[in-house]
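Encoded as structure tokens, the structure appears first; notes follow it.
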Amino acid sequence: MAETTILLAQAESSAAPADAVQNGVVVQDSAATPAPAGEVHATTEAEEALVFPPFDATTFASQLLWFALAFGVLYVLMSRVALPQIGSIIDKRKARIDGDLKEAERLRGETDKAIAAYEAALAEARKNAHGIAEETRTSIKADLEGKRKGVEDDLSKKVAEAEARILKNKDEALGRVSEIAEETAAALVTQLTGEANAKDVAAAVAEVVKG
Amino acid sequence: MSEKPIEPIHQFRITEIFNIGTFGGDGTAGSGVNIAFTNSALFMVLTVGLIGAFLILSSNRRAIIPNRMQLMAEMSYEFIANMVRNTAGTEGMKFFPMVFSLFMFILVANLFGMFPYFFTVTSHLIVTVAMAMIVFLTVVIYGFMKNGLKFFKLFVPSGIPVPVLLIVVPIEIISFLSRPISHSLRLFGNILAGHIVLKVFGGMVVALLGAGAWGVVAVLPLGMAVALTGLEFLVAALQAFVFAVLTCVYLHDAIHPGH
Numbered sequence: 001m002a003e004t005t006i007l008l009a010q011a012e013s014s015a016a017p018a019d020a021v022q023n024g025v026v027v028q029d030s031a032a033t034p035a036p037a038g039e040v041h042a043t044t045e046a047e048e049a050l051v052f053p054p055f056d057a058t059t060f061a062s063q064l065l066w067f068a069l070a071f072g073v074l075y076v077l078m079s080r081v082a083l084p085q086i087g088s089i090i091d092k093r094k095a096r097i098d099g100d101l102k103e104a105e106r107l108r109g110e111t112d113k114a115i116a117a118y119e120a121a122l123a124e125a126r127k128n129a130h131g132i133a134e135e136t137r138t139s140i141k142a143d144l145e146g147k148r149k150g151v152e153d154d155l156s157k158k159v160a161e162a163e164a165r166i167l168k169n170k171d172e173a174l175g176r177v178s179e180i181a182e183e184t185a186a187a188l189v190t191q192l193t194g195e196a197n198a199k200d201v202a203a204a205v206a207e208v209v210k211g
Numbered sequence: 001m002s003e004k005p006i007e008p009i010h011q012f013r014i015t016e017i018f019n020i021g022t023f024g025g026d027g028t029a030g031s032g033v034n035i036a037f038t039n040s041a042l043f044m045v046l047t048v049g050l051i052g053a054f055l056i057l058s059s060n061r062r063a064i065i066p067n068r069m070q071l072m073a074e075m076s077y078e079f080i081a082n083m084v085r086n087t088a089g090t091e092g093m094k095f096f097p098m099v100f101s102l103f104m105f106i107l108v109a110n111l112f113g114m115f116p117y118f119f120t121v122t123s124h125l126i127v128t129v130a131m132a133m134i135v136f137l138t139v140v141i142y143g144f145m146k147n148g149l150k151f152f153k154l155f156v157p158s159g160i161p162v163p164v165l166l167i168v169v170p171i172e173i174i175s176f177l178s179r180p181i182s183h184s185l186r187l188f189g190n191i192l193a194g195h196i197v198l199k200v201f202g203g204m205v206v207a208l209l210g211a212g213a214w215g216v217v218a219v220l221p222l223g224m225a226v227a228l229t230g231l232e233f234l235v236a237a238l239q240a241f242v243f244a245v246l247t248c249v250y251l252h253d254a255i256h257p258g259h
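Listed in order, the protein sequences are those of chains Y and V. Following our numbering, the numbering of the first sequence begins with 1 at its first residue and continues without gaps. Following our numbering, the numbering of the second sequence begins with 1 at its first residue and continues without gaps.
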């Protein structure tokens, strides 16, 4: 900055007459005599430092004009083309994302519903299965019970029959005991005495058996 | 190079590319208004061209899933849109194209200026003044159009006793009128000073290198120049941001003049 102020001071001191300043200005020279760029550069090289360029009022008109044109074009480009285009992309994306989120929410609701239905069906099925199992078990149990009862009845009947037969056989056998004893006694008596009275033997045996 | 003194302000010189003519005046040298296509104009055109091409071409695909270029365009859009919405309110969105244009113009012009040998459009007071005046006039005209005479409430903060108002109102008026000055000088000064300092350090490197054994010391200003280049990139973006934020703040006053 120090150098700048020195240069500015120089410019002011040497540019005291207004004409000198104007002669030293780039634009003025070339405006008066349209010369090749190189020549303009050469003639102004020595005097360029006289005026600090940002404060050189002779360039203001050109800069303002071109700034107005450039900025006007930029503004129109931005407001009519670029910004609506970018804005529409962003809006479209936002709408898409919102739609997708809503769709996802809807699908999640459906999924939840489906899961609930599945749970309900599962519980129902479980209950049914339990019922069926219980039923089957009871029926099998009843069946088994019936069969066992039948077999038991059958068995007890057979046992009773067998017992009755045994009793009969025993009675029969017991009934025959006196007869065998009479025969044996008769045979013994016959062997011993040579003869036997069947009636007496029978009576004697009956007496012994009774006693 | 070492024979000529390094001139820090040479970079701000406006040179003609072609002359269009002098309008008005009496034909003598120095009279009338001279119009020419200059290096400044060239860089304004380049700035506008680059912004337009970048924003329009990058978003041309209108893709739901953006590529990098489209993402950058969308980020700049969202950045400024949020700034306007938060600072100037939703009503301020009608000025969104203006704030966006100003921001992009300053940003790209500043960044163009970071290239060696490129002209920095925003280093000229007349350009920054023009931009500040666009904002100032927008605020004044829209403020009166929308609020009528209620716009003057801007100068009368509510809930302040009359004796204090006698002091506050002139201060408010002066601060309002000085806005375009500070608005334009801030940008101009930052860019101008930054470029001059860069040039001074760069010139020191060259001068020291020409000084024989002392050339070793040139490392110091070189390091400074490197560091300052980084700083200047920050300043280039920051000043565009500051200008846009202040624009939003001023627009907020035009929309809601009551404090």
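Ideal placement from N, C-alpha and C gives every residue a C-beta, glycine not left out.
### Message
Taking its Cβ as the centre, do 16 or more other Cβ atoms sit within 10 Å of leucine 122 of chain Y, making it buried, or is it exposed?
### Response
Counting the other CB atoms within 10 Å of its CB gives leucine 122 of chain Y a total below 16, which places it among the exposed residues.
### Beta-carbon gap between alanine 269 of chain V and isoleucine 181 of chain V smaller than 9 Å
For chain V, the structure presents residues 1 to 259; residue 269 of chain V sits outside this window and is missing.
### Proximal residues of chain Y, C-beta to C-beta of tyrosine 250 of chain V below 9 Å
Below the 9 Å Cβ cutoff, chain Y contributes no neighbours of tyrosine 250 of chain V, its closest Cβ being approximately 18 Å away.
### lysine 153 of chain V versus valine 121 of chain V - alpha carbon distance
One Cα belongs to lysine 153 of chain V, the other to valine 121 of chain V, and the distance between them is close to 37 Å.
### Task
Verify the contact flag: phenylalanine 23 of chain V, CB atom, against every heavy atom of the ligand NAP, threshold strictly below 8 Å.
For the ligand NAP, the structure offers nothing, since it holds no ligand at all.
### Query
Quick one: what does DSSP say valine 33 of chain V is sitting in, helix, strand or coil?
Three-state DSSP puts valine 33 of chain V in a strand.
### Query
Quick one: is threonine 111 of chain Y near chain V, going by C-beta distance under 9 Å?
Output row for threonine 111 of chain Y: interface = no.
#### Entry: Stretch-stretch touch, CB-based, cutoff 8 Å, three pairs: the segment 218–230 of chain V with the segment 148–168 of chain V
No contact exists between the segment 218–230 of chain V and the segment 148–168 of chain V.
#### Entry: Counted within 10 angstroms of its Cβ, other Cβ atoms place lysine 127 of chain Y as buried (16 or more) or exposed
By the 10 Å Cβ count, lysine 127 of chain Y comes out exposed.
#### Entry: Listed by chain order, chain Y residues near serine 40 of chain V by CB distance under 9 Å
For serine 40 of chain V, the C-beta contacts it makes with chain Y under 9 Å involve Thr59, Ser62, Gln63, Trp66, Phe67, in order along the chain.
### Task
Compute the distance between the beta-carbons of phenylalanine 43 of chain V and alanine 73 of chain V, then report whether it is under 9 Å.
The answer is no: Cβ separation not under 9 Å.
### Task
Please name the residue, chosen from V:Ile191, V:Phe136, V:Ile56, that lies closest to valine 76 of chain Y on a Cα-to-Cα basis.
Ranking the options by Cα distance to valine 76 of chain Y, first place goes to V:Ile56.
### Contacts of tyrosine 77 of chain V in chain Y (Cβ-Cβ under 8 Å)
Under the 8 Å cutoff, chain Y gives Leu83, Ile86, Gly87, Ile90.
### Task
Specify the secondary structure class of glutamate 16 of chain V as computed by DSSP and reduced to three states.
Glutamate 16 of chain V falls in the strand class under three-state DSSP.
### Task
Can you pull the chain V residues whose beta carbon is under 9 Å from the beta carbon of leucine 77 of chain Y, in chain order?
By Cβ distance, chain V contributes Val48, Ile51, Gly52, Leu55, Ile56, Ser101.
### Task
Measure the alpha-carbon distance for alanine 185 of chain Y versus isoleucine 166 of chain Y and round it to whole angstroms.
Pairing alanine 185 of chain Y with isoleucine 166 of chain Y, the inter-Cα distance amounts to about 28 Å.
### Query
Who are the near neighbours of valine 129 of chain V in its chain, counting only those whose CB is closer than 6 Å to its CB and skipping five residues on each side?
Excluding residues up to 5 positions away in sequence, Ser184 lie with their Cβ nearer than 6 Å to the Cβ of valine 129 of chain V in the same chain.
### Message
Strictly below 7 Å CB to CB, what residues from chain Y border isoleucine 35 of chain V?
### Response
Those are Ala61, Ser62, Leu65, listed as they occur along chain Y.
### Query
Looking only at its own chain, which residues have a Cβ that is under 8 Å from the Cβ of phenylalanine 233 of chain V, when we skip the five neighbours before and after it?
If we look at phenylalanine 233 of chain V and ignore the five residues flanking it on each side, its Cβ neighbours are Leu111, Met114.
### Message
Here's a check: name, in chain order, each residue in its chain whose Cβ is nearer than 6 Å to the Cβ of proline 221 of chain V, leaving out the five neighbours to either side.
### Response
Correct list, in chain order: Phe201, Met204, Val205.
### Query
For glycine 38 of chain Y, which residues from the same chain have a beta carbon less than 8 Å from its beta carbon, with the 5 sequence-adjacent residues on both sides left out?
A caution first: glycine 38 of chain Y carries a pLDDT of 41, below 50, which makes its placement in the model unreliable, though a value can still be read off. Listed in chain order, the non-local C-beta contacts of glycine 38 of chain Y below 8 Å within the same chain number zero, local neighbours out to five positions each way being set aside.
### Rounded C-alpha distance that separates lysine 168 of chain Y from leucine 174 of chain Y
Approximately 10 Å, taken between the alpha carbons.
#### Entry: Three CB pairs or more closer than 8 Å across the segment 31–38 of chain V and the segment 10–20 of chain V
Judged by Cβ distances under 8 Å, the segment 31–38 of chain V makes contact with the segment 10–20 of chain V, as three or more pairs qualify.
### Query
Per the contact definition of three or more C-beta pairs closer than 8 Å, is the segment 84–99 of chain Y in contact with the segment 58–69 of chain V?
When C-beta atoms of the segment 58–69 of chain V are compared with those of the segment 84–99 of chain Y, three or more pairs fall below 8 Å, so the two segments count as touching.
#### Entry: Short CB-CB distance (under 9 Å) between alanine 70 of chain Y and chain V
It does: the Cβ of alanine 70 of chain Y has a partner Cβ on chain V nearer than 9 Å.
### Message
Against chain Y, does isoleucine 9 of chain V count as a neighbour if the rule is that its beta carbon must be under 9 Å from one of theirs?
### Response
Cβ-Cβ to chain Y under 9 Å: yes for isoleucine 9 of chain V.
### Query
What does DSSP give as the partner residues of phenylalanine 23 of chain V in its beta bridges?
For phenylalanine 23 of chain V, which the question treats as bridged, DSSP gives the partners V:Val33.
### Query
Is any beta-carbon of chain Y found at less than 9 Å from that of valine 45 of chain V?
Taking Cβ atoms only, chain Y reaches closer than 9 Å to valine 45 of chain V, which makes this a yes.
### Task
Give the DSSP-derived three-state secondary structure of asparagine 23 of chain Y in the structure shown.
Because asparagine 23 of chain Y carries a pLDDT of 43, less than 50, the predicted location of this residue cannot be relied on, and no value is offered for it.
#### Entry: Candidates V:Ala254, V:Ile126, V:Ile134, V:Val216, of which the one nearest proline 53 of chain Y by Cα
Nearest option by C-alpha distance: V:Ile126.
### Task
Output, in chain order, the set of chain V residues within a Cβ distance shorter than 9 Å of leucine 101 of chain Y.
What leucine 101 of chain Y touches in chain V: nothing, since even the nearest Cβ is about 15 Å away.
### Query
Among V:Gly143, V:Ser40, V:Thr247, which one has its Cα closest to the Cα of arginine 179 of chain V?
The residue with the shortest Cα to Cα distance from arginine 179 of chain V is V:Thr247.
### Query
When you compare each of Y:Phe71, Y:Ser62, Y:Val51 to glycine 49 of chain V by their alpha carbons, which one comes out closest?
The candidate whose alpha carbon is nearest that of glycine 49 of chain V is Y:Phe71.
### Query
So which of V:His252, V:Phe95, V:Val45, V:Tyr77 has the shortest CA-CA distance to serine 270 of chain V?
Outside the shown range of chain V, which is 1 to 259, sits residue 270 of chain V, and nothing can be said about it.
### Task
Please name the residues in the segment 121–148 of chain Y whose beta-carbon is closer than 7 Å to at least one beta-carbon of chain V, in chain order.
Under the 7 Å Cβ criterion, the segment 121–148 of chain Y contributes no residue.
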